[in-house]
Amino acid sequence: MAVSKRKFKAEVNKILDLMIHSLYSHKEIFLRELISNASDAIDKARYEALTDAALTEGDGEWKIQLIPDKDAGTLTVRDNGIGMSRDEVVEALGTIAHSGTKEFLKLLESRAVKNNPELIGQFGVGFYASFMVADEVSVLTRRAGAGPNEAVLWKSGADGTYTVEEAEKAAKGTDVVLRLKDDAKSYLEEWELRKVVKQYSDFIEYPVMMDVTRTKTDPDDKDKKVTETAAETLNSRKAIWLKDKAEITEAEYNEFYKHVSHDFTDPAKVLHYKAEGTTEFSVLLYLPKQRPFDIFYKDYKVGPTLYVRRVQIMDHCEDLIPPYLRFVKGVVESADLPLNVSREMLQNNRMVAVIKKNITKKVLDTLAEMKQDDAEAYATFYAQFGRILKEGIHHDFERKEAIADLLLFESTRTEPGKKITLAEYVARMRDGQEEIYYITGTDRAAAVSSPYLEAFKEKDYEVLIMTDEFDDIIISRLGRYAEKSFQSAIKGDLDLGAGDKEEKQKEYGGLLELMQDQLKDLVEAVRISGRLKDSAVCLVTGEHDMDPQMEKMLAAMGQDVPQGKRSLEVNPDHELIGRMKELFAADPESETLKEYVGLLYDQALMLEGDHPRDPVAFAKAVSKLMAEGVAAG
Ligand code: ADP
Numbered sequence: 000m001a002v003s004k005r006k007f008k009a010e011v012n013k014i015l016d017l018m019i020h021s022l023y024s025h026k027e028i029f030l031r032e033l034i035s036n037a038s039d040a041i042d043k044a045r046y047e048a049l050t051d052a053a054l055t056e057g058d059g060e061w062k063i064q065l066i067p068d069k070d071a072g073t074l075t076v077r078d079n080g081i082g083m084s085r086d087e088v089v090e091a092l093g094t095i096a097h098s099g100t101k102e103f104l105k106l107l108e109s110r111a112v113k114n115n116p117e118l119i120g121q122f123g124v125g126f127y128a129s130f131m132v133a134d135e136v137s138v139l140t141r142r143a144g145a146g147p148n149e150a151v152l153w154k155s156g157a158d159g160t161y162t163v164e165e166a167e168k169a170a171k172g173t174d175v176v177l178r179l180k181d182d183a184k185s186y187l188e189e190w191e192l193r194k195v196v197k198q199y200s201d202f203i204e205y206p207v208m209m210d211v212t213r214t215k216t217d218p219d220d221k222d223k224k225v226t227e228t229a230a231e232t233l234n235s236r237k238a239i240w241l242k243d244k245a246e247i248t249e250a251e252y253n254e255f256y257k258h259v260s261h262d263f264t265d266p267a268k269v270l271h272y273k274a275e276g277t278t279e280f281s282v283l284l285y286l287p288k289q290r291p292f293d294i295f296y297k298d299y300k301v302g303p304t305l306y307v308r309r310v311q312i313m314d315h316c317e318d319l320i321p322p323y324l325r326f327v328k329g330v331v332e333s334a335d336l337p338l339n340v341s342r343e344m345l346q347n348n349r350m351v352a353v354i355k356k357n358i359t360k361k362v363l364d365t366l367a368e369m370k371q372d373d374a375e376a377y378a379t380f381y382a383q384f385g386r387i388l389k390e391g392i393h394h395d396f397e398r399k400e401a402i403a404d405l406l407l408f409e410s411t412r413t414e415p416g417k418k419i420t421l422a423e424y425v426a427r428m429r430d431g432q433e434e435i436y437y438i439t440g441t442d443r444a445a446a447v448s449s450p451y452l453e454a455f456k457e458k459d460y461e462v463l464i465m466t467d468e469f470d471d472i473i474i475s476r477l478g479r480y481a482e483k484s485f486q487s488a489i490k491g492d493l494d495l496g497a498g499d500k501e502e503k504q505k506e507y508g509g510l511l512e513l514m515q516d517q518l519k520d521l522v523e524a525v526r527i528s529g530r531l532k533d534s535a536v537c538l539v540t541g542e543h544d545m546d547p548q549m550e551k552m553l554a555a556m557g558q559d560v561p562q563g564k565r566s567l568e569v570n571p572d573h574e575l576i577g578r579m580k581e582l583f584a585a586d587p588e589s590e591t592l593k594e595y596v597g598l599l600y601d602q603a604l605m606l607e608g609d610h611p612r613d614p615v616a617f618a619k620a621v622s623k624l625m626a627e628g629v630a631a632g
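Okay, so the sequence shown: first residue is 0 according to numbering that gives the first Met the number 0, each after it adds one.
Here it is in structure tokens:
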């Protein structure tokens with residue numbers, strides 16, 4: 000029989016190394032991982048057998064067995080689930096099937112993982128936890144439906160290599176055999192196994208069984224002892240989501256959360272309820288505390304696990320939850336869906352739509368409550384998930400008002416890091432203020448000191464600071480809030496009530512025309528500003544043009560962005576502009592004037608965070624002016 004020896008992928012070696020040397024204090028989680036894998040394998044077999052009964056091979060009595068063997072020093076975790084083919088074994092137990100491998104490796108080396116080894120579970124590497132307690136692991140497995148001599152034996156001593164060979168196995172499913180290290184021999188003891196199963200795997204749906212030998216006094220002869228061996232079920236197997244709330248402890252809720260989410264911290268919130276009426280379903284959902292590292296990846300799995308009458312149909316049903324709530328984890332069980340429901344059927348199923356609507360509302364209501372009752376907890380939640388929740392404004396037109404109520408923003412009046420709701424903003428708008436003002440930018444410091452806010456500061460108008468690239472799109476999608484429209488501080492022609500803007504426009508008409516003429520290839524218009532107080536000039540995007548931050552982001556991603564021409568705004572109260580007007584009146588052809596116009600345009604670019612068109616020429620011109628200034632004394 001051909002034995003083939005192979006090398007683990009580099010990332011697997013790193014994990015093994017970490018498992019063996021750093022995660023020492025949490026050794027017992029290996030059993031949770033193996034039982035969890037066994038349970039998944041049975042779920043799959045049970046589901047596939049719905050359409051192909053032959054796959055049960057006459058053994059539909061689903062169970063997981065723990066077989067400690069003190070003589071051999073091994074612990075076997077056996078399941079009669081789906082099993083694996085040779086290709087599947089090599090794929091599943093030789094690589095890390097995750098697109099975020101690079102991030103993963105970085106994380107592996109971080110302190111976070113060393114202190115919280117459960118984090119490992121997030122990446123689907125649970126099986127490798129076996130090497131914390133075993134110096135050799137063998138996996139004997141046969142795919143359900145394959146012949147008895149089509150089994151595979153995988154073996155590794157965590158030395159960077161593993162072997163696979165053909166094998167025989169009468170029953171379908173998988174045996175994972177651990178040759179226990181000396182300091183892990185306690186996992187051969189009944190009490191230890193009982194304890195670990197109870198703690199981590201109590202709610203597993205299938206029985207976790209073990210043969211238990213008891214010595215008893217012979218009922219017929221008091222002086223004689225007899226030994227009996229019987230199979231016992233170690234877990235209570237109660238589907239926690241079907242239980243009564245009063246029966247469940249917080250610790251049980253938390254343990255189940257870790258099971259469904261692979262998260263290592265307790266959840267921020269539990270939603271557990273039963274809907275009764277035309278459609279009946281049970282829901283146990285969790286809001287996590289921390290954003291999963293892969294939530295922005297394409298292959299991030301969205302949606303709760305779907306059960307129909309205790310059978311797991313799908314581990315992630317994305318039709319049950321809108322993408323902007325994809326951080327929600329948990330289980331939904333329906334009694335009304337058919338057992339053999341397919342993915343395609345789910346997409347158009349009325350019942351599924353009803354459940355999704357119900358869940359969406361419940362989650363949004365819960366968030367609203369949380370914001371109301373515990374602003375601090377909500378702010379913590381928002382810092383992790385606000386960016387994702389916000390997508391709902393764009394995608395869920397029907398609920399955009401409800402979602403808008405949940406948004407938080409920093410503002411020119413909040414301390415850095417503190418955020419307010421739109422409702423709070425509106426409630427403290429100044430007399431005479433008609434619109435909700437906001438500024439977009441990459442960071443707060445730059446936004447706050449930007450010239451665009453000068454007039455707002457003077458009028459003491461609060462301005463929301465928006466630092467996510469797509470905030471501008473979200474706001475234009477939202478349109479209005481509490482009957483107030485939104486106005487960007489960096490877009491469009493603003494008039495913050497200087498009063499004499501039109502007059503000034505006339506007064507400075509000649510100079511503005513000259514500037515416009517000189518800059519005609521660069522700007523749409525040159526006009527008197529209604530937003531500047533201290534700075535001489537700034538560049539402003541058209542009301543309906545793309546946000547400059549968004550523009551930059553798309554350009555950085557290599558997209559072709561049509562560059563809208565901006566307007567140059569001029570502050571008539573600035574000393575320099577006054578002097579330029581005088582100079583213009585004295586000599587409209589003045590070379591100095593022309594030079595100044597160019598420099599002002601470059602300055603406006605710099606105020607936006609850009610470079611002057613020609614930095615060398617700019618520096619030369621400024622130095623020349625400075626020299627003249629010094630000479631003039
Ligand atoms: P995860 O279970 O998070 O995917 P693991 O490293 O624990 O990560 O397992 C990797 C893969 O190996 C599983 O996704 C599954 O395909 C396969 N596997 C592990 N244990 C079993 C088992 N008992 N039966 C069938 N397949 C299994």
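Even for Gly, the Cβ is constructed at its ideal location relative to N, Cα and C.
Taking the straight line between their C-alpha atoms, what separation do you get for residue i and residue j?
{"i": "Gly302", "j": "Leu405", "result": "21 Å"}
{"i": "Arg479", "j": "Gly80", "result": "55 Å"}
{"i": "Ile14", "j": "Gly159", "result": "11 Å"}
{"i": "Gln371", "j": "Asp364", "result": "10 Å"}
{"i": "Glu542", "j": "Phe408", "result": "22 Å"}
{"i": "Asn348", "j": "Arg342", "result": "10 Å"}
{"i": "Thr633", "j": "Phe617", "result": "Within the shown structure, residues of the chain are numbered from 0 to 632, placing residue 633 beyond reach of any answer."}
{"i": "Lys257", "j": "Val330", "result": "12 Å"}
{"i": "Leu493", "j": "Ser333", "result": "55 Å"}
{"i": "Ala446", "j": "Pro587", "result": "36 Å"}
{"i": "Gly385", "j": "Asp470", "result": "11 Å"}
{"i": "Lys242", "j": "Ala367", "result": "26 Å"}
{"i": "Ile320", "j": "Ile358", "result": "7 Å"}
{"i": "Arg141", "j": "Ala555", "result": "50 Å"}
{"i": "Leu345", "j": "Val351", "result": "7 Å"}
{"i": "Asp572", "j": "Ala535", "result": "8 Å"}
Measure the Cβ-Cβ separation of residue i and residue j and say whether it is below 7 Å.
{"i": "Thr228", "j": "Asp78", "result": "no"}
{"i": "Ala537", "j": "Leu606", "result": "The sequence shown places Cys at residue 537, rather than the Ala named in the question. For Cys537 and Leu606, yes; Cβs fall inside 7 Å."}
{"i": "Ile489", "j": "Tyr451", "result": "yes"}
{"i": "Val88", "j": "Val151", "result": "yes"}
{"i": "Gly563", "j": "Asp544", "result": "yes"}
{"i": "Tyr186", "j": "Lys62", "result": "no"}
{"i": "Glu171", "j": "Gly57", "result": "It is worth fixing the name first, because residue 171 is Lys in this sequence and not Glu. Going by C-beta atoms, Lys171 is not nearer than 7 Å to Gly57."}
{"i": "Asp314", "j": "Thr278", "result": "no"}
{"i": "Ser484", "j": "Glu434", "result": "yes"}
{"i": "Val282", "j": "Tyr272", "result": "yes"}
May I ask you to check if the CB of residue i is nearer than 6 Å to at least one heavy atom of the ligand ADP?
{"i": "Gly144", "result": "no"}
{"i": "Thr173", "result": "yes"}
{"i": "Ala37", "result": "yes"}
{"i": "Ala166", "result": "no"}
{"i": "Asp58", "result": "no"}
{"i": "Ala91", "result": "yes"}
{"i": "Ala40", "result": "yes"}
{"i": "Gly125", "result": "yes"}
{"i": "Asp265", "result": "no"}
{"i": "Met131", "result": "no"}
Looking only at its chain, what residues have a beta carbon closer than 7 Å to the beta carbon of residue i, apart from the 5 residues adjacent to it on each side?
{"i": "Ala697", "result": "Since the first residue shown for the chain is 0 and the last is 632, residue 697 is missing from the structure and cannot be characterised."}
{"i": "Arg178", "result": "Gly72, Thr73, Ala133, Asp134 and Glu135"}
{"i": "Leu388", "result": "Tyr323, Ile402 and Leu405"}
{"i": "Val269", "result": "Tyr252 and Tyr285"}
{"i": "Lys593", "result": "Gln517"}
{"i": "Met18", "result": "Tyr127, Ala128, Phe130 and Met131"}
{"i": "Thr413", "result": "Ile419"}
I'd like to confirm the pairing. Which residues does DSSP put opposite residue i in its beta bridges?
{"i": "Glu332", "result": "Ser281 and Tyr306"}
{"i": "Tyr161", "result": "Arg5 and Ser155"}
{"i": "Thr73", "result": "Asp68 and Arg178"}
{"i": "Thr228", "result": "Thr212"}
{"i": "Arg565", "result": "Val522"}
{"i": "Met313", "result": "Leu305"}
{"i": "Asp78", "result": "Ile63 and Thr173"}
Excluding five sequence neighbours on each side, which residues of the same chain lie with their C-beta closer than 6 Å to the C-beta of residue i?
{"i": "Val175", "result": "Leu33, Val76 and Val138"}
Taking 8 Å as the limit between beta carbons, can you name the residues of its chain near residue i, skipping five residues before and five after?
{"i": "Gln289", "result": "Asp262, Thr264 and Gln383"}
{"i": "Asp442", "result": "Thr466"}
Taking 6 Å as the line, does the beta carbon of residue i fall inside it for any heavy atom of the ligand PLP?
{"i": "Phe380", "result": "With respect to small molecules bound, the structure shown includes the ligand ADP and not the ligand PLP."}
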